[in-house]
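Peer 1:
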Amino acid sequence: MVDVPAGPAPARITDSAWRVRTRRGGELLMSLLKNPTTVAGLVFIVLLLGMAIFAPLIAEPNTPDAYQMPRDWGALAVPPGSPGHILGTTNVGGDVLYGVVWGARTSLRLSVIVVSLTVLIGVTVGSIAGFRGGKVDEILMRIVDVFLSIPELIFALAIAAVLGPSFRNIILALAVVFWVKYARIMRAQIIHVKENEYVDAARVIGDSPLRIYLKDILPNSITPVVVQATLDMGNIVLVGATLSFIGLSEAGIAEWGVLVSEGQSGISAGRWWSSTFPGMMVFLWALGFNLFGDGLRDVLDPKTESTR
Amino acid sequence: MTAPANTVVRTGRDGDDLLVAVRDLKKHFPIREGALQKVVGHIKAVDGVSFDIRRGETVGLVGESGCGKTTLGRVVSGLTEPTDGGVYFGLGGEERRKLDTLLEVQSPDRTDEQSEALSALDANHRVDVMVGDAFDHYRRNCQVVFQESFASLNPRQLIKDIVGRPLRVHREASGSDLTERVVELLEQVGLGRQHLFRYPHQFSGGQRQRISIARALALDPELVILDEPTSALDVSVQAQILNLLHELQQERNLAYLFITHDLSVVRHMADRIVVMYVGKVAEAGPTQTIFERPEHPYTDALLASSPDMKESAQDLQALEGAIPDPALPPQGCRFHTRCPVATPACGWEVDDIVRWLEDEEGMFDELRDVERKSPFEAALSFRSEDAANRLAAALRSDAVPDAMRSAIEDLNTTGTDTRIRFTAVDEVQLTLRSEDHVAACVLNRGTSTEPS
Ligand SMILES: Nc1ncnc2c1ncn2[C@@H]1O[C@H](COP(=O)(O)OP(=O)(O)OP(=O)(O)O)[C@@H](O)[C@H]1O
Ligand code: SF4
Ligand SMILES: [Mg+2]
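From first to last, the protein sequence lines stand for chains A and B.
Counting in our numbering, the first sequence runs from 824 upward without gaps.
Counting in our numbering, the second sequence runs from 6 upward without gaps.
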């Protein structure tokens, strides 16, 4: 290690914080793109998100509620390729393409709401536990342990069943189940990160605890939360669809699990399309976020970062 | 010449140039055990330390690993609350005299008037209780450079934000003014404008330490605590950083509390040196005195183990033996377990026998129980009469150090028990050896001039 104080000034004197951060973001993206499975995940995500965002352009929204399947009583259970119904219709005349496209929106809504809620709750609880320590920490972590001891799907199922069948209750049930992981991750991160000398350095400067948390602790502990949130964007849709499949949300909404469930009875009669297309969407959604999340973990892993 | 136990032995001269006064400072960390986390003891990391730091001077704080240097530095910098005693910042000469007079009276004996006067001083000057402007003034004027330059810089912040942060927090600058101030600071530590928008990991260890120094200087402090600022660096880089620190001190009239385990590092830098051993000051005095006329055998040993001091090490012995556990510091003089010139008055105790027995497997395996009446008196029961008799015989022979043997007041064996009583001694206190020079050792070499 040679210490060269103020060597010849490199050309980029006109650097700005914004430029450096963009460059760093670019570097991160480049290293993500080196991994083909990550790229595959990203492609799925982009396609599915594109579908969700542009749903009104692909399939004209049903009125009055676009999240309700439109019914074509004149074309019950027609196969893919039928006029006006490229992917066919369900037993009750629901357009499968509409379900697939608007189902993407439903999934996006579900996963964004649940992930935001759970990250917010989990990060808050984990931060308090990790920061305060002592009794507060003990009590909070006892609760977390109880939650974690019950399998996610069964727990969510139980809650949704108690609350009664509706899509809103599925969102609630998933939020109740999924926050604990973030609390656990965040607490462990905080306990580790707050021991760093840059935290002491900030205290010596006289910065406030809140700003130390926001500038020093949070940015350095959030990475595993981001990775977990990416994975959960997929997992939540999977679990949500499962709950819908077993009948815990309203019938007739544009939701992949509901559609799979509705089409199920027709499979033995050879009417595969009504279940298969939405089922594939659930699979691709979960796969996309899991592949991308794994790639993100590899790139963001703090261990590889500190050895640079 | 021995000072009474409650006297604050000062190593600074009187005067108005006082910056920091550390008074009988203690930091004990609880040791917790079991499922209930019960406190089973205390690590006495800092156990009654007093010294002064004057404006513009460097105080070298030296000692082996684990003797409490970092803990002491953290308490002085306000990062850790003391268990007892205090760090006083910004006392005038008059106030300091008043403080020391007040502290000479133990708290239960203080009159109401004295307690009130002390609280008034505390509120304005004791760093763990002061608030408002006094605290703000202290916070600006006492900064730290940590040992690990990587760990002390937030990896997600740009250099501009790291170095500019103190200015922003204290609302001294913002916008382009802030950038210019940061550039100025970077230039003072040998970096420049081209480094503004980089992350810490893009620098070498020496450069990162320069960044830490720039941050510490941003608020133009009066005191910088340097906790082993060079020990993580290559030797060639060490010298550069030391030179930089020296230049900055000249320019800005900075005071340094320079923490290191290596005396040679502070030899050319420090005006005065405080030698710590297991949480206490063993010796303190002007650098030249410490190097030329050390009064404490522990200082001798440190001098002998210091890399570039070899040629001057006449008959100095390097240190042997384990560092004592700071949770159970030795009696009398804490150094007596390792001191090559220990005397019978140095605090020999039951633990010394137990430690000695640990190396005598034959007898140690036979040892069943040690029943203590005091640190100096105990009955050791063995499984066999033979072992008990062998111990007694060994303690009368030269199998044990002469000094230890001479400190035994009473030794007898009944059956499988050996009873031992050492002469009880008080903790060895610091005494004045020459001007501004104190040492905690029962020996007096008399090489120094008589105390004034
Ligand atoms: N936060 C803490 N909790 C418990 N014990 C501590 C804590 N900090 C320090 N100690 C203990 O206090 C003693 C002194 O530690 P300290 O770090 O101050 O020593 P040091 O002189 O700086 O050593 P080194 O040269 O290794 O840095 C050690 O026994 C250490 O284990
Ligand atoms: S008092 Fe002096 S001689 Fe005795 S053990 Fe301590 S250092 Fe050695
Ligand atoms: Mg240390």
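By construction, the Cβ of each residue, glycine as well, lies at the ideal position given by its N, Cα and C atoms.
(1) Quick one: is G326/B buried, meaning 16 or more other Cβ sit within 10 Å of its Cβ, or exposed?
(2) Going along the chain, which residues of its own chain have a beta-carbon closer than 7 Å to the beta-carbon of S311/B, five neighbours each way excluded?
(3) What does the alpha-carbon distance come out to for the pair Y1036/A and A237/B?
(4) For A1109/A and S1088/A, I'd like the C-alpha separation in whole angstroms.
(5) Any idea if V141/B is buried or exposed, counting beta-carbon neighbours within 10 angstroms, 16 or more meaning buried?
(6) Whose C-alpha, out of A981/A, G1063/A, P1047/A, is nearest the C-alpha of D1117/A?
(7) Checking contacts by CB at 8 Å: is R1120/A closer than that to chain B?
(8) Using the beta-carbon of each residue, which ones in chain A are nearer than 7 Å to E189/B?
(9) Can you tell me which of E961/A, K1017/A, D1124/A puts its alpha carbon nearest to the alpha carbon of K1038/A?
(10) Should P302/B be listed as close to ligand 2, given that the test is whether its C-beta is under 7 Å from any heavy atom?
(11) Going by beta carbon distance, what residues of the same chain come within less than 8 Å of A318/B, once the five residues before and after it are set aside?
(12) Using a Cβ cut-off of 7 Å, which residues of the region 124-154 of chain B contact any Cβ in chain A, in chain order?
(13) Just to confirm my understanding: we take D22/B, look at its own chain, exclude 5 residues before and 5 after, and list those with CB closer than 7 Å. What are they?
(14) Could you tell me whether any non-hydrogen atom of ligand 1 is closer than 7 Å to the CB of I458/B?
(15) Tell me which residue opens and which closes the beta strand (DSSP E) that R426/B is part of.
(16) Could you tell me whether any Cβ in chain A is nearer than 8 Å to the Cβ of K43/B?
(17) At a Cβ cut of 8 Å, what residues of the region 158-173 of chain B count as close to chain A, listed as they run along the chain?
(18) Taking 8 Å as the CB-CB limit, is S82/B close to chain A?
(19) Roughly how many angstroms separate the alpha carbons of F867/A and D1124/A, rounded to a whole number?
(20) Tell me the rounded alpha-carbon separation between G290/B and T436/B.
(21) Taking its Cβ as the centre, do 16 or more other Cβ atoms sit within 10 Å of T929/A, making it buried, or is it exposed?
(22) Are at least three pairs of beta-carbons, each pair with one atom in the region 370-378 of chain B and one in the region 343-351 of chain B, less than 8 Å apart?
(23) Which residues in chain B sit within 7 Å of I1028/A, going by Cβ to Cβ distance?
(24) Check S939/A in the structure and name its three-state DSSP category.
(25) Hey, does A952/A have any beta-carbon neighbour from chain B nearer than 8 Å?
(26) How many Å lie between N146/B and K165/B at the Cα?
(27) Excluding the 5 residues preceding and the 5 following L249/B in the sequence, name in chain order all residues of the same chain whose CB lies nearer than 8 Å to its CB.
(28) For ligand 3, list every residue whose C-beta falls under 7 Å from any of its heavy atoms, going in chain order.
(29) Locate the alpha helix (DSSP H) running through A1109/A, then write down its first and last residues.
(30) Is there contact here, the region 1019-1032 of chain A with the region 988-995 of chain A, by at least three beta-carbon pairs under 8 Å?
(31) Could you name the residues of the same chain whose beta carbon sits closer than 6 Å to that of Q1012/A, not counting the 5 residues immediately before and after it, in chain order?
(32) Looking at the secondary structure, which residues open and close the alpha helix (DSSP H) in which V134/B lies?
(33) So that I know if they touch, is there some Cβ in chain A lying closer than 8 Å to that of F202/B?
(34) Are there 16 or more other CB atoms within 10 angstroms of the CB of Q162/B, so buried, or fewer, so exposed?
(35) Hey, would you say V286/B sits closer than 8 Å to F56/B, going by beta carbons?
(36) Should L448/B be listed as close to ligand 2, given that the test is whether its C-beta is under 7 Å from any heavy atom?
Peer 2: With the structure as the only source:
(1) Locating residue 326/B in the second sequence gives position 321, where the first residue counts as 1. The residue in question, G326/B, is exposed, as its Cβ has fewer than 16 Cβ neighbours within 10 Å.
(2) Along the second sequence, read from residue 1 onward, the residue named residue 311/B stands at position 306. So the qualifying residues of the chain are D267, L268, S269.
(3) On the first sequence, residue 1036/A is found 213 positions in, with the first residue counted as 1. On the second sequence, residue 237/B is found 232 positions in, with the first residue counted as 1. Each residue's Cα considered, the two are about 28 Å apart.
(4) By one-based count along the first sequence, residue 1109/A stands at place 286. By one-based count along the first sequence, residue 1088/A stands at place 265. Cα-Cα distance, rounded: 24 Å.
(5) Here the question's residue 141/B lines up with position 136 in the second sequence. Going by the sequence as given, residue 141/B is Asp instead of Val. Exposed, by the Cβ-count rule.
(6) Residue mapping note: residue 1117/A aligns to position 294 of the first sequence, counting from 1. It is P1047/A whose Cα lies nearest to the Cα of D1117/A.
(7) In the first sequence, counting from the first residue as 1, residue 1120/A sits at position 297. No, its Cβ sits nowhere closer than 8 Å to a Cβ of chain B.
(8) Reading the second sequence from its first residue, position 184 is the one you call residue 189/B. Simply none; closest approach about 13 Å.
(9) On the first sequence, residue 1038/A is found 215 positions in, with the first residue counted as 1. If we check each option's Cα against that of K1038/A, K1017/A comes out closest.
(10) As a working note, residue 302/B is residue 297 in the second sequence. P302/B Cβ: within cutoff of ligand 2.
(11) Here residue 318/B refers to the residue found at position 313 when the second sequence is read from its first residue. With a pLDDT of 49 at A318/B, under the threshold of 50, the modelled position of that residue is not reliable, and the figure given next carries that caveat. Counting only Cβ-Cβ distances below 8 Å, and skipping sequence neighbours, we find L308, A309.
(12) R144, Q148, V149, F151, E153
(13) In the second sequence, counting from the first residue as 1, residue 22/B sits at position 17. Correct list, in chain order: R59, R60.
(14) Because chain B is modelled from 6 through 457, residue 458/B falls outside the range shown and cannot be assessed.
(15) As a working note, residue 426/B is residue 421 in the second sequence. 422-427 is the span of the beta strand (DSSP E), which, as asked, contains R426/B.
(16) Residue mapping note: residue 43/B aligns to position 38 of the second sequence, counting from 1. Output row for K43/B: interface = no.
(17) L158, N159, P160, R161, Q162, L163, K165, D166, R170, P171
(18) Mapped onto the second sequence, residue 82/B falls at position 77. Judged by the 8 Å Cβ criterion, S82/B is in contact with chain A.
(19) On the first sequence, position 44 is the one that residue 867/A refers to. On the first sequence, position 301 is the one that residue 1124/A refers to. Whole-angstrom Cα-Cα distance: 23 Å.
(20) Position 285 of the second sequence, counted from the start, is the residue given in the question as residue 290/B. Position 431 of the second sequence, counted from the start, is the residue given in the question as residue 436/B. Near 12 Å, if we compare the C-alpha coordinates of T436/B and G290/B.
(21) As a working note, residue 929/A is residue 106 in the first sequence. Classification of T929/A: buried, given that the 10 Å Cβ count is 16 or more.
(22) no
(23) Translated into the one-based positions of the first sequence, residue 1028/A becomes position 205. What I1028/A touches in chain B: R170, P171, V174.
(24) By 1-based counting over the first sequence, the position of residue 939/A is 116. Helix.
(25) For the purposes of this step, residue 952/A is identified with residue 129 of the first sequence, where counting begins at 1. With 8 Å as the cut-off, A952/A does not count as an interface residue toward chain B.
(26) Numbered from its first residue, the second sequence carries residue 146/B at position 141. Numbered from its first residue, the second sequence carries residue 165/B at position 160. N146/B and K165/B: Cα-Cα distance of roughly 21 Å.
(27) Here residue 249/B refers to the residue found at position 244 when the second sequence is read from its first residue. Taken in chain order, the residues that qualify are V194, G195, R215, I218.
(28) K74/B, T75/B, Q152/B, D232/B, E233/B, I264/B
(29) Translated into the one-based positions of the first sequence, residue 1109/A becomes position 286. Here the alpha helix (DSSP H) through A1109/A covers 1096-1123.
(30) no
(31) Counting from 1 along the first sequence, the entry for residue 1012/A is found at position 189. Correct list, in chain order: S1044.
(32) Numbered from 1 along the second sequence, position 129 holds the residue referred to as residue 134/B. Per DSSP, V134/B belongs to no alpha helix (DSSP H) and is neither H nor E.
(33) Counted from its first residue, the second sequence places residue 202/B at position 197. So yes, F202/B belongs to the interface.
(34) Along the second sequence, one-based indexing puts residue 162/B at 157. Classification of Q162/B: buried, given that the 10 Å Cβ count is 16 or more.
(35) Translated into positions along the second sequence, residue 286/B becomes position 281. Translated into positions along the second sequence, residue 56/B becomes position 51. The answer is yes: Cβ separation under 8 Å.
(36) On the second sequence, position 443 is the one that residue 448/B refers to. Within the cutoff, so yes.
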